[in-house]
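Asker:
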Amino acid sequence: MKAMVVAVFVVGGLAAGVALAADVQITEQSVVFLYEARAEVRVPVHKLAEVVSGDYRAAQDEFTRHELMRSIEPVIERRLEEARTADVVFLLTRSNLGEFDFEKGGFPTGVGDDTFWRMRSAHPQDYVVRFRNAGNLAFLPVSVDSARSLAGDLRTSRSAILTIHGDVEGRKRGHGWLSRK
Numbered sequence: 116m117k118a119m120v121v122a123v124f125v126v127g128g129l130a131a132g133v134a135l136a137a138d139v140q141i142t143e144q145s146v147v148f149l150y151e152a153r154a155e156v157r158v159p160v161h162k163l164a165e166v167v168s169g170d171y172r173a174a175q176d177e178f179t180r181h182e183l184m185r186s187i188e189p190v191i192e193r194r195l196e197e198a199r200t201a202d203v204v205f206l207l208t209r210s211n212l213g214e215f216d217f218e219k220g221g222f223p224t225g226v227g228d229d230t231f232w233r234m235r236s237a238h239p240q241d242y243v244v245r246f247r248n249a250g251n252l253a254f255l256p257v258s259v260d261s262a263r264s265l266a267g268d269l270r271t272s273r274s275a276i277l278t279i280h281g282d283v284e285g286r287k288r289g290h291g292w293l294s295r296k
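For the sequence shown, our numbering assigns the number 296 to the last residue and increments by one with no breaks.
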């Protein structure tokens, strides 16, 4: 059974728009570096090399892996530094919108405080992304006119791609970044 690592962020906002260039997208690869950049005890560098390079993962012997590591190690260090300096992250996720709530002026998203996103990677561990205040994502405010213009599309599918922006918080266990087995 794989170990599970949990990375926790604070919701900064929910948008249908585009992320800023400086924002870091949470993906199966970036979550590993976002976590490891803040971990008190990092995994060995060869485990991160497995995330970065399919050739490294497929190498049949230690000599090939050693040769590959010379070109992979600078990539690992660059990704760790980018993750270390990241203040804002975003996650693209699919959600089924509930029926428009005329009193609140928007759509329920189906996201709540207990929602998490499992990120599968080449790393020997799976990572789980949580937003500490995910309950703030439970509702997507939309004007009645905008919702009405979506009515035709919503009859076909209620699936929407949400962009969740979050602030990176915590530097160690108990303060936002947790690990579980």
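Even for Gly, the Cβ is constructed at its ideal location relative to N, Cα and C.
Quick check: the stretch 172–186 against the stretch 243–261, are there 3 or more CB pairs under 8 Å?
Answerer: In short, these stretches do not touch, since the Cβ pair count stays below three.
Asker: Curious, which full-length alpha helix (DSSP H) runs of at least 4 residues does the stretch 152–177 contain?
Answerer: Those alpha helix (DSSP H) runs which fall completely within the stretch 152–177 and span 4+ residues are 160–167 and 169–173.
Asker: For isoleucine 191, which three-state DSSP category applies?
Answerer: DSSP places isoleucine 191 in helix when its eight states are reduced to three.
Asker: With C-beta atoms as the reference, is leucine 163 less than 8 Å away from alanine 174?
Answerer: It is not a contact, given that the beta carbons lie outside the stated cut-off.
Asker: On the CB-based measure, 16 or more other CB atoms within 10 Å of its CB, does isoleucine 276 come out buried or exposed?
Answerer: Isoleucine 276 is exposed by the Cβ-count criterion.
Asker: Indicate whether phenylalanine 217 and histidine 280 have their beta-carbon atoms separated by less than 8 Å.
Answerer: No, these two residues do not count as a Cβ contact at 8 Å.
Asker: Taking the alpha helix (DSSP H) that aspartate 268 belongs to, which residues open and close that run?
Answerer: Segment 259–271, the alpha helix (DSSP H) holding aspartate 268.
Asker: Quick one: Cα of arginine 288 to Cα of arginine 235, how far?
Answerer: Because the pLDDT of arginine 288 is 36, which lies under 50, any placement of that residue in the model is unreliable, and the number read from its coordinates should be weighed accordingly. Computed Cα separation, rounded: 22 Å.
Asker: Taking just the CA atoms, how far does valine 160 sit from threonine 278?
Answerer: Between threonine 278 and valine 160, the C-alpha separation is close to 31 Å.
Asker: On the three-state DSSP scale, how would you describe asparagine 248?
Answerer: Correct three-state label for asparagine 248: coil.
Asker: Quick test of the definition: if touching needs 3 or more C-beta pairs under 8 Å, does the stretch 189–201 touch the stretch 216–232?
Answerer: These segments do not touch.
Asker: In angstroms, rounded to a whole number, what distance separates the CA positions of aspartate 268 and valine 243?
Answerer: Cα-Cα distance, rounded: 31 Å.
Asker: Relative to the C-alpha of aspartate 138, which candidate in Asp229, Ala201 and Arg263 has its C-alpha closest?
Answerer: The candidate whose alpha carbon is nearest that of aspartate 138 is Ala201.
Asker: Taking just the CA atoms, how far does valine 167 sit from proline 189?
Answerer: Rounded to whole angstroms, proline 189 to valine 167 spans 11 Å at the Cα level.
Asker: Cutting at 7 Å between CB atoms, please list the residues of its own chain near glycine 132, excluding the five before and the five after it.
Answerer: The predicted position of glycine 132 is uncertain, since its pLDDT is 46 and thus under 50; no value can be drawn from it.
Asker: Spatial neighbours of alanine 130 within its chain, please: CB distance less than 7 Å, with the 5 preceding and 5 following residues excluded, ordered by chain position.
Answerer: Model confidence at alanine 130 stands at a pLDDT of 49, short of 50, so the residue's coordinates are unreliable and nothing is read from them.
Asker: To the nearest angstrom, report how far apart glycine 213 and arginine 185 are at their CA atoms.
Answerer: The alpha-carbon atoms of glycine 213 and arginine 185 are separated by roughly 51 Å.
Asker: Please identify the residue among Asp282, Pro256 and Thr224 whose C-alpha is closest to the C-alpha of serine 274.
Answerer: Measuring from the Cα of serine 274, the nearest candidate turns out to be Thr224.
Asker: Determine the DSSP secondary structure at proline 256, reduced to helix, strand or coil.
Answerer: It is a strand residue.
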